[in-house]
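For reference, the structure is listed below as C-alpha cells.
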Amino acid sequence: MGTIILDFKADVIDTAFVRQILFVCGYGATRDGDYLKVFEKRESYSLFCKLGNKEVFDTLYCDEGLGRDCLDNTGLVDNNKQWQEFCDMNNVIALILHKLSPEWQPKDTRASGRGFRWQHFNSEYREALSVFLPNSELANVIELKNVTN
11 MGTIILDFKA DVIDTAFVRQ ILFVCGYGAT RDGDYLKVFE KRESYSLFCK LGNKEVFDTL
71 YCDEGLGRDC LDNTGLVDNN KQWQEFCDMN NVIALILHKL SPEWQPKDTR ASGRGFRWQH
131 FNSEYREALS VFLPNSELAN VIELKNVTN
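Residue numbers for the sequence shown follow my numbering, so the first one is 11 and each next one is one higher.
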C-alpha cells in the first residue's frame with residue numbers, strides 16, 4: 011500500500027485517498043449519498059461496512075468541485091481534476107488522532123467564521139499529530155509533511 015503522506019498545505023483530501031487512510035487506521039466505512047459513514051471497526055478485511063445495526067462513529071461530507079491545495083495519493087495537487095470528490099482535511103485528521111489518542115480533544119476556540127475556526131483546529135491537529143504519531147503503530151504508514159506553518 012505504501013506510505014501515506016499527509017501534506018498540511020492541503021485543505022481537502024481526495025475521497026479515494028481518505029478511504030485508504032481510514033483503512034490503515036482500522037476504520038470501516040460505506041458511502042451513503044454525499045456522505046462517507048465511518049465505523050469505529052471494520053467487519054472484515056474490506057473497508058466496506060453495511061449500514062444497519064452498527065452505530066455510525068462519524069460522517070464525512072464528500073463533494074466534487076474545483077479546488078486548490080488538494081491532497082490525493084500522488085501528493086499535493088494545485089488544481090484537482092473535475093471528477094474528483096473531496097473531504098475536509100481537518101475531519102480526516104481528527105479521525106486519525108482519535109485512533110492515536112482517543113481521549114485527546116482540541117482546545118475550543120471563540121474564533122468565528124469558517125476560516126479562523128478551521129485554521130485554529132488545523133493548528134491543534136498539527137501539534138497533536140507531531141506528538142502522538144511518532145510513537146504509534148501508524149508511524150510506519152503515515153508520514154507528515156509541512157507540519158510547521
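Just so it is clear, CB atoms sit at the ideal spot from N, CA and C, and this is done for glycine as well.
Exposed or buried, which one is residue i when buried takes at least 16 other CB atoms within 10 Å?
{"i": "Ala-39", "result": "buried"}
{"i": "Phe-126", "result": "exposed"}
{"i": "Tyr-37", "result": "buried"}
{"i": "Leu-81", "result": "buried"}
{"i": "Leu-61", "result": "exposed"}
{"i": "Tyr-135", "result": "buried"}
From the options, pick the residue whose C-alpha is nearest to that of residue i; which is it?
{"i": "Ser-140", "options": "His-130, Glu-153, Gly-75, Trp-128", "result": "Glu-153"}
{"i": "Phe-33", "options": "Asn-156, Val-87, Arg-52", "result": "Arg-52"}
{"i": "Phe-131", "options": "Phe-142, Lys-117, Leu-143", "result": "Lys-117"}
{"i": "Gln-30", "options": "Gly-43, Val-48, Asp-44, Asp-21", "result": "Val-48"}
{"i": "Tyr-71", "options": "Asp-44, Asn-150, Leu-110", "result": "Asp-44"}
{"i": "Glu-137", "options": "Asp-68, Val-151, Leu-148, Asn-156", "result": "Asn-156"}
{"i": "Asn-89", "options": "Val-66, Ile-23, Tyr-135, Ser-111", "result": "Ile-23"}
{"i": "Ala-149", "options": "Glu-134, Trp-128, Leu-110", "result": "Leu-110"}
{"i": "Asp-17", "options": "Gly-36, Trp-128, Gly-85", "result": "Gly-85"}
{"i": "Glu-50", "options": "Trp-93, Val-66, Asn-83", "result": "Val-66"}
{"i": "Phe-142", "options": "Lys-91, Ser-54, Pro-112", "result": "Pro-112"}
I think residue i touches residue j, with their Cβ atoms under 8 Å apart; what is that distance to the nearest whole Å?
{"i": "Asp-79", "j": "Lys-19", "result": "6 Å"}
{"i": "Leu-105", "j": "Trp-114", "result": "Actually they are not in contact, since the Cβ atoms of Leu-105 and Trp-114 sit about 12 Å apart, beyond 8 Å."}
Output needed for residue i: all residues of its chain with C-beta closer than 6 Å, excluding positions within five of it in sequence on either side, in chain order.
{"i": "Asp-21", "result": "Asp-79, Met-99"}
{"i": "Thr-69", "result": "Tyr-45, Lys-47"}
{"i": "Glu-74", "result": "Glu-95"}
Would you say residue i and residue j are within 8 Å of each other, going by their C-beta atoms?
{"i": "Val-102", "j": "Thr-13", "result": "no"}
{"i": "Glu-95", "j": "Thr-158", "result": "no"}
{"i": "Asn-63", "j": "Phe-27", "result": "no"}
Kindly list the residues whose CB is nearer than 8 Å to the CB of residue i, restricted to its own chain and excluding five residues on each side of it in sequence; keep chain order.
{"i": "Arg-41", "result": "Lys-47, Cys-72"}
{"i": "Lys-91", "result": "none"}
Using 8 Å as the limit for Cβ to Cβ distance, is residue i near chain B?
{"i": "Arg-127", "result": "The structure shown contains no chain B, having only a single protein chain."}
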